[in-house]
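Q:
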Amino acid sequence: MKSAIHPEMISLKELARLTDEFEYQKEYNAIRQRVRRGKYLTYKKINGEGFVSINDPLIPDTIKIKFKSHPELAEGRDETQSQTQSQTLYHELSQKQTDIALARVDLLKAYLEFADRMKEEKGSILIAKHRFIELYNSKTFPILFEKLGKTTFKTLERWKTDYEKSGRDYRVLAPKYKTDRPSCVPPEQSEILIKLYLNPNKPLVSEVVRMAMDIFLMKNHKTILSAHTYRRFIERWAKEHYAHSVFYREGHHALDDKVLPFIERDYNRIEVGDIIVADGHILNFEIINPFTGKPKRMMMILFFDMKSNFPLGWEISPTENVLSIAVAFRRSVLRLGKYPKVVYLDNGRAFGAKYFNGIDFNEAGITGLFERIGTKVITAIPYHAQSKTVERFFKSFAEIERLLPTYTGTSIELQPPRLNRGEKLHTKLYDKIMHGTSLSIAQAHQAVAWWFDRYAERIQQDGHLKGLSPNEIFEAGKGPGVDKKELLYLMMSEKITTIYRNGIKILGTSYWNEALFGLRKDVIVRFDLIETDSIFVYDTNGKFICEALRVDKVHPAAGILGDENDIKLLEEQLQKKADLRKSVESDARQFLTEEIYPTMQKQLDNYNIIRIDNVDEHKTSEYTTKRKRSLIDRWSVPGENSKQKNIDITPKAAEG
0 MKSAIHPEMI SLKELARLTD EFEYQKEYNA IRQRVRRGKY LTYKKINGEG FVSINDPLIP
60 DTIKIKFKSH PELAEGRDET QSQTQSQTLY HELSQKQTDI ALARVDLLKA YLEFADRMKE
120 EKGSILIAKH RFIELYNSKT FPILFEKLGK TTFKTLERWK TDYEKSGRDY RVLAPKYKTD
180 RPSCVPPEQS EILIKLYLNP NKPLVSEVVR MAMDIFLMKN HKTILSAHTY RRFIERWAKE
240 HYAHSVFYRE GHHALDDKVL PFIERDYNRI EVGDIIVADG HILNFEIINP FTGKPKRMMM
300 ILFFDMKSNF PLGWEISPTE NVLSIAVAFR RSVLRLGKYP KVVYLDNGRA FGAKYFNGID
360 FNEAGITGLF ERIGTKVITA IPYHAQSKTV ERFFKSFAEI ERLLPTYTGT SIELQPPRLN
420 RGEKLHTKLY DKIMHGTSLS IAQAHQAVAW WFDRYAERIQ QDGHLKGLSP NEIFEAGKGP
480 GVDKKELLYL MMSEKITTIY RNGIKILGTS YWNEALFGLR KDVIVRFDLI ETDSIFVYDT
540 NGKFICEALR VDKVHPAAGI LGDENDIKLL EEQLQKKADL RKSVESDARQ FLTEEIYPTM
600 QKQLDNYNII RIDNVDEHKT SEYTTKRKRS LIDRWSVPGE NSKQKNIDIT PKAAEG
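Going by numbering that gives the first Met the number 0, the first residue of the sequence shown is number 0, and it counts up by one from there.
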């Protein structure tokens, strides 16, 4: 580019392009090196850009000929055209350039005012200016210093000269760098760089640059730029194509979390209890498993009010099961004081499609449990933390986890030293403090409840509760309370099943009552997911049959390896089986004697086939003296005088 004021001057960049068009960057660096060494006798800086005279002795004649052969370089532009271009450039300043220019004006005004004031007091304007520079560089003006950084006396004097020459136009102090400068990386090289960078293995930018430069050498590219140039190209390309960069390198989940817009919820449209969110969280501290006696990270099921961010009810259990959800939900309803309108369920591990021990979640009774009390169910999008507001709460919950002595860390990087290899001292200290024990489930519940109470009183710093605590919102909107008996009945699951030889089997547990003996028909069963000691059995017309009790399993070798309770349980079940066999055989013996055998004998006599003469006449006459029972009487369900115990349900709703 040629200066309009100095027709014979050429910029260092244009000189480099004229010298070597393909190795432009290397030549430009070499020219700048010569300038620093003072090789160019005609070097000048014009408006912040370096120029040399085309007639400089160091410039070869071939370059001078090229310069004259380019009209756009050889012919000078008039001053009016130059001013027009400058005005256009000023109007196209970026916001950052404008902010810096205005900050420089403010600094320049403070600089001149300070110099004038100190001159009147001490008489030396030069000392005053240097004193101002010292004060400024010591951050006396923190806002200006943050924008502009350190400066020097010469820089401020140059700004002063440029500012006054331009008629006090602030735009003359704007940085001269070009924000829309095109990339100097050739298209064939940029294509290779992009392909290497978009590798799903996520190579580092430095690795991409090294591999690309090796490829350029193997393919004998004429122009190979510096590693910094390629790095800047990749970083700029990634910012301009951020969506593709994230998807190719990190996948769909990262695209969803980092790039795609999210939906903002309007929490002013709901009230307390309208929507409660359920989620499972594996606790980051160990608790003694009551079944094995060994420490374990257990699962906590939590129901969380979306409006108030108030933790309602929870349950801690060794494994994920239907009971945990039912217990947590019942506690939530009691705490809320009313039935929620919507339950927002997680779609992760704790509420997966295949639930506990191979039971299908949709058949486990949970969905029906919510629907029976008039609560609709919404399932969150899988692996989409934005759709579950409780996820942010669990990050805060890590506070209480870190306070407990059995803390295991929220990640491998954040686990305590005692869990790392070779940390003998930390391991010994931990064992000495814990004495080989761990927290119990009761202690864990106590710690969790303590922290939940503190969290509910905590003033929120952001979000829709900014300036308020969850407890304030919750107390203002909670319900008057619910009837515990009604809640118990409504939460009973209902299922149509068949009676088998061991009675009725629900969720892997057998239930038995003598009234079920000998039946092989479909019945309606109502059962509670929490109180699992018994179930209520109805026929398909809704008539109550009995209350079946849970049947405990016996020890495989109770008489040898079991205790007294195992032996007693085995004897009771054997006796029950013997009594049932006896009842069937006694009725069958009487029926055979009174009905079957006489009928058979009569048929044989009529056809003169054979005759049975060895029938005990005495026993026959003895049986005939007893009152005969009809077939209906023999096969009817035992009544009130039988040994079975039928427990009816007093509420009318239970008979429906």
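Cβ coordinates follow ideal geometry from the N, Cα and C atoms, glycine included.
For isoleucine 495, count the other beta carbons within 10 Å of its own beta carbon; 16 or more makes it buried, fewer makes it exposed. Which is it?
A: Walking along the sequence shown from the start, residue 495 turns up at place 496. Looking at its Cβ environment, which holds fewer than 16 other Cβ atoms inside 10 Å, isoleucine 495 is exposed.
Q: For the structure I just gave you, are there three or more beta carbon pairs, one from the segment 332–341 and one from the segment 500–507, closer than 8 Å?
A: At 8 Å Cβ cutoff, the stretches do not touch.
Q: Going by the C-beta, is glycine 292 closer than 7 Å to any heavy atom of the ligand COA?
A: Annotation note on the ligand COA: not contained in the displayed structure, which lists no ligands.
Q: Would you check if the segment 297–307 and the segment 267–283 touch, i.e. whether three or more CB-CB distances between them fall below 8 Å?
A: The segment 267–283 vs the segment 297–307: in contact.
Q: With distances taken between CB atoms, is the gap from isoleucine 275 to valine 376 smaller than 8 Å?
A: In the sequence shown, counting from the first residue as 1, residue 275 sits at position 276. In the sequence shown, counting from the first residue as 1, residue 376 sits at position 377. No, these two residues do not count as a Cβ contact at 8 Å.
Q: Alpha carbon to alpha carbon, how far is glutamine 94 from leucine 259?
A: Along the sequence shown, read from residue 1 onward, the residue named residue 94 stands at position 95. Along the sequence shown, read from residue 1 onward, the residue named residue 259 stands at position 260. Between glutamine 94 and leucine 259, the C-alpha separation is close to 26 Å.
Q: Let me check one thing: in DSSP terms, what residues is isoleucine 99 bridge-paired to?
A: Position 100 of the sequence shown, counted from the first residue, corresponds to residue 99. DSSP lists no partner for isoleucine 99.
Q: Just how far apart, CA to CA, sit lysine 340 and alanine 475?
A: The count along the sequence shown starts at 1 and reaches residue 340 at position 341. The count along the sequence shown starts at 1 and reaches residue 475 at position 476. One C-alpha to the other measures close to 18 Å.
Q: Identify whether glutamine 188 lies in helix, strand or coil by the three-state DSSP scheme.
A: Within the sequence shown, numbered from 1, the residue matching residue 188 stands at position 189. Helix at glutamine 188.
Q: Of the residues Ala237, Asp273, Glu513, Arg420, which one's Cα is nearest the Cα of lysine 477?
A: Position 478 of the sequence shown, counting from 1, holds the residue named residue 477. Measuring from the Cα of lysine 477, the nearest candidate turns out to be Asp273.
Q: Look at the alpha carbon of asparagine 136 and the alpha carbon of lysine 38, and state the distance between them as a whole number of angstroms.
A: Here residue 136 refers to the residue found at position 137 when the sequence shown is read from its first residue. Here residue 38 refers to the residue found at position 39 when the sequence shown is read from its first residue. Cα-Cα distance, rounded: 34 Å.
Q: Restricting to Cα atoms, I'd like to know which of Lys128, Pro597, Asp105, Leu101 is closest to phenylalanine 113.
A: For the purposes of this step, residue 113 is taken as residue 114 along the sequence shown, with counting starting at 1. When only C-alpha atoms are compared, the closest one is Lys128.
Q: Please work out which residues of its chain come closer than 8 Å, Cβ to Cβ, to serine 629, disregarding the five sequence neighbours upstream and downstream, and give them in chain order.
A: Working through the sequence shown from its first residue, we reach residue 629 at position 630. Low confidence applies here, because serine 629 scores a pLDDT of 46, under 50, leaving its location unreliable; read the following figure in that light. The answer is none, since no qualifying residue turns up.
Q: Which first and last residues belong to the alpha helix (DSSP H) in which asparagine 470 is found?
A: The residue you call residue 470 lines up with position 471 of the sequence shown. Start and end: 469–476.
Q: Among all the DSSP beta bridges, which residues are the ones paired with leucine 573?
A: Walking along the sequence shown from the start, residue 573 turns up at place 574. Beta-bridge pairing links leucine 573 to no other residue.
Q: Please look up how many angstroms separate the CB atoms of proline 469 and serine 307, rounded, as I've assumed it's under 8 Å.
A: Position 470 of the sequence shown, counted from the first residue, corresponds to residue 469. Position 308 of the sequence shown, counted from the first residue, corresponds to residue 307. Sure, about 5 Å apart at Cβ, within 8 Å.
Q: Please classify glutamate 263: is it buried, with 16 or more other beta-carbons within 10 angstroms of its beta-carbon, or exposed?
A: Along the sequence shown, read from residue 1 onward, the residue named residue 263 stands at position 264. Result: exposed.
Q: Tell me which same chain residues have a C-beta within less than 7 Å of the C-beta of aspartate 551, skipping the five on either side of it?
A: Residue 551 sits at position 552 when you count from the first residue of the sequence shown. For aspartate 551, where only same-chain residues beyond five positions count, the Cβ hits under 7 Å are Leu568.
Q: So what does glutamate 285 bridge to, in DSSP terms?
A: The residue you call residue 285 lines up with position 286 of the sequence shown. Arg296, per the DSSP bridge assignment.
Q: State the start and end residues of the unbroken beta strand (DSSP E) segment that holds alanine 29.
A: The residue given as residue 29 occupies position 30 in the sequence shown. Run containing alanine 29: none in the beta strand (DSSP E); it sits in the alpha helix (DSSP H), 23–35.
Q: Whole-angstrom Cβ separation of alanine 211 and threonine 97, contact assumed at under 8 Å?
A: Counting from one through the sequence shown, the residue named residue 211 turns up at place 212. Counting from one through the sequence shown, the residue named residue 97 turns up at place 98. With a Cβ gap of about 37 Å, alanine 211 and threonine 97 do not count as contacting.
Q: Kindly indicate if chain B contains any beta-carbon less than 8 Å away from that of glutamate 187.
A: Reference to chain B is not applicable here, since this structure consists of a single protein chain.
Q: So, with DSSP's three-state summary, where would you put serine 509?
A: Here the question's residue 509 lines up with position 510 in the sequence shown. Serine 509: strand per DSSP, three-state reduction.
Q: For tryptophan 449, count neighbouring C-beta atoms within 10 Å of its own C-beta (all shown protein chains included) and say buried if the count is 16 or more, exposed if not.
A: Sequence index remark: in the sequence shown, residue 449 carries index 450 (1-based). Burial call: exposed.
Q: Run the CB neighbour count on phenylalanine 50, radius 10 Å, all protein chains shown included, and call it buried at 16 or more, exposed below.
A: Numbered from its first residue, the sequence shown carries residue 50 at position 51. Answer is buried; the Cβ neighbour count reaches 16.
Q: Throw me the rounded Cβ distance for the tyrosine 169 and alanine 226 pair, which I believe falls under 8 Å.
A: Locating residue 169 in the sequence shown gives position 170, where the first residue counts as 1. Locating residue 226 in the sequence shown gives position 227, where the first residue counts as 1. Actually they do not touch by this definition, with Cβ atoms about 38 Å apart.
Q: Compare the C-alpha of glutamine 442 against each of Leu506, Arg230, Asn540, Ile286 and name the closest.
A: Residue numbering aside, residue 442 sits at position 443 when the sequence shown is read from its first letter. The candidate whose alpha carbon is nearest that of glutamine 442 is Ile286.
Q: Give me the DSSP bridge partner(s) of histidine 280.
A: One-based indexing of the sequence shown puts residue 280 at position 281. For histidine 280, which the question treats as bridged, DSSP gives the partners Met299.
Q: Thinking just about the alpha-carbon of each residue, which of Lys44, Leu92, Gln24, Glu7 is nearest to the one in arginine 52?
A: In the sequence shown, the residue the question calls residue 52 occupies position 53. According to the sequence shown, residue 52 is serine rather than arginine. Measuring from the Cα of serine 52, the nearest candidate turns out to be Glu7.
Q: So for threonine 426, helix, strand or coil by DSSP?
A: On the sequence shown, position 427 is the one that residue 426 refers to. Correct three-state label for threonine 426: helix.
Q: Please say whether aspartate 532 and glutamate 506 have beta carbons closer to each other than 8 Å?
A: Your numbering for residue 506 matches position 507 in the sequence shown. Your numbering for residue 532 matches position 533 in the sequence shown. Inspection of the sequence shows that residue 506 is occupied by leucine rather than by glutamate. Their beta carbons are not under 8 Å apart, which means leucine 506 does not touch aspartate 532 by this criterion.
Q: Would you kindly work out how many angstroms separate the C-alpha atoms of lysine 159 and valine 34, rounded to a whole number?
A: Translated into positions along the sequence shown, residue 159 becomes position 160. Translated into positions along the sequence shown, residue 34 becomes position 35. Approximately 26 Å, taken between the alpha carbons.
Q: Return the CA-CA distance between phenylalanine 543 and glutamate 485, expressed in angstroms with no decimal places.
A: In the sequence shown, residue 543 corresponds to position 544, counting from 1. In the sequence shown, residue 485 corresponds to position 486, counting from 1. About 19 Å.
Q: In chain order, what residues of the same chain have a beta carbon less than 8 Å from the beta carbon of threonine 409, not counting five sequence neighbours either side?
A: The count along the sequence shown starts at 1 and reaches residue 409 at position 410. For threonine 409, where only same-chain residues beyond five positions count, the Cβ hits under 8 Å are Asn283, Ala397, Glu400.
Q: Of all the options Cys545, Ile315, Ser395, Lys63, which has the alpha carbon lying nearest to the alpha carbon of glutamine 445?
A: As a position in the sequence shown, residue 445 is number 446, starting the count at 1. Per the Cα distances, Ile315.
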